[in-house]
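K.L.:
If you count by our numbering, then the sequence shown holds residues 510 to 852, one letter each, in order.
Just so you know, even glycine gets a beta-carbon here, dropped at the ideal spot from N, CA and C.
Here you go, one structure.
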Amino acid sequence: MIPAAHPLSHPAPSQGGDAPPRWQALWREAVRDPRELLGLLGLDPDALGMSDAAAAQFPLRVPRGFVARMRHGDPADPLLRQVLPLDAEMRPMPGFSLDAVGDGAAKAGHGVIRKYRGRALLIATGSCAINCRYCFRRHFPYAEETAAAAGWREAVAAIAADPDIDEVILSGGDPWSLATPKLAELTDALKGVPQLKRLRVHTRLPVVLPERVDAALTEWLAALPWPVAVVLHANHAREFDAAVDAAMRRLREAGASLLNQAVLLRGVNDSVEALAALSERSYAAGVLPYYLHQLDRVQGAAHFEVADEQALALHRALAARLSGYLVPKLVREVAGDPGKRPL
Ligand code: SF4
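The structure is reproduced here in structure tokens:
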């Protein structure tokens, strides 16, 4: 998520003098060199259109446990495609911008984005456990716009001052890349906002690094005073494995409702088979399909785009195949709209 050479592009140190939690050690060991990644998969960088320039602009980062779910020797592996920097990212494309969803215009305080009625999105951190090449915030100015940088005070004050906000969405970056004591600092501050009724967390960490769902995190979650929805992000059925299933179980036991939002991505999940398998696999893990997003048109991601006609045809075929509760809503985010726009 954080562009290259950013001071926050490394995990935050653990709090206090104790040994860091295991998930932080695993995060530090993530693969960061595209050549190492391709070497682990037995693939030739020169045959794949791998780009050092794209990696310099937006670095590769992928936890080793996620790499282990990729198919050895398969250059078209759908998990690999989500993380590998390619030449195609460096071609400027008309209609693709640095701020595809109008975050800049929706700023409502330091690290606070206000788009929809009743909800405020808090940019908790710029860090992620994995860098997804299609990320709509791949160019976001985290250095200036992270709520944590001002010790949460400004962001929480902006939320408290607006009586219409009854739901806070922790986003980023990935909010669960923050150490748990840091999360507790934030939610302790939010407890002083009387109108809050719900908390939502947008996170990919339990999917890509399921060890993040440790005892400290679930204890923090279970003790929160609001109902909590955890909106996960998985795009392909093979992102789920036994460790992810166990992490989802721990989150449910801590009282969270689990939803998944996926992005429709060319070469990753643009077939009815892939989308049906994703819905069935996520439901088997206790996660309800929620949104299937049309790609946000961010610079560097054009090669992932699926045309609207094809997206609609896929969605119709999915609805004809699956039970209604397994069919995510097909939506697009349009800057200035009062909610996600159905296709
Ligand atoms: S995990 Fe989410 S925020 Fe982070 S890079 Fe991927 S899409 Fe972007």
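Which residue wins for smallest C-alpha separation from residue 578, given the options 719, 527, 705?
P.N.:
719
K.L.:
Going by C-alpha distance, which of 725, 670, 711 is nearest residue 693?
P.N.:
Ranking 725, 670, 711 by Cα distance to residue 693 puts 725 first.
K.L.:
Does any heavy atom of the ligand SF4 sit closer than 6 Å to the C-beta of residue 570?
P.N.:
False, no ligand heavy atom lies under 6 Å from that Cβ.
K.L.:
Output yes or no for whether 7 Å exceeds the beta carbon distance between residue 727 and residue 686.
P.N.:
no
K.L.:
Throw me the rounded Cβ distance for the residue 610 and residue 645 pair, which I believe falls under 8 Å.
P.N.:
Yes, residue 610 and residue 645 are in contact; Cβ-Cβ is about 6 Å, under 8 Å.
K.L.:
Just confirm the distance between the C-beta atoms of residue 716 and residue 739, as a whole number of angstroms; I'd bet it's less than 8 Å.
P.N.:
About 11 Å separates the two Cβ atoms, so there is no contact after all.
K.L.:
Where residue 839 and residue 802 are concerned, what is the direct C-alpha to C-alpha distance, given to the nearest angstrom?
P.N.:
6 Å
K.L.:
Less than 7 Å between CB atoms is the rule here; does residue 611 satisfy it with respect to chain C?
P.N.:
The displayed structure is made up of one protein chain only, and chain C is not part of it.
K.L.:
What ranges does the alpha helix (DSSP H) occupy inside the segment 535 to 608, keeping only unbroken runs of at least 4 residues that lie completely in it?
P.N.:
Qualifying alpha helix (DSSP H) stretches, in chain order: 543 to 549, 561 to 566, 573 to 576, 587 to 590.
K.L.:
Residue 709: beta carbon under 6 Å from a heavy atom of the ligand SF4?
P.N.:
no
K.L.:
Would residue 683 be called buried (16 or more neighbouring beta carbons within 10 Å of its own) or exposed?
P.N.:
buried
K.L.:
What residue from 773, 723, 743 has the CA that sits closest to residue 853's CA?
P.N.:
Since the first residue of the chain shown is 510 and the last is 852, residue 853 is not available in this structure.
K.L.:
What residue does the alpha helix (DSSP H) around residue 691 start on, and which one ends it?
P.N.:
689 to 699 is the extent of the alpha helix (DSSP H) around residue 691.
K.L.:
Excluding the five sequence neighbours on either side, which residues of its own chain have a C-beta within less than 6 Å of the C-beta of residue 641, listed in chain order?
P.N.:
591
K.L.:
Just the C-alpha distance for residue 580 and residue 749, rounded to the nearest angstrom, thanks.
P.N.:
Those two C-alpha atoms are separated by around 14 Å.
K.L.:
Where does residue 832 land, buried or exposed, given buried means 16+ other C-beta within 10 angstroms?
P.N.:
exposed
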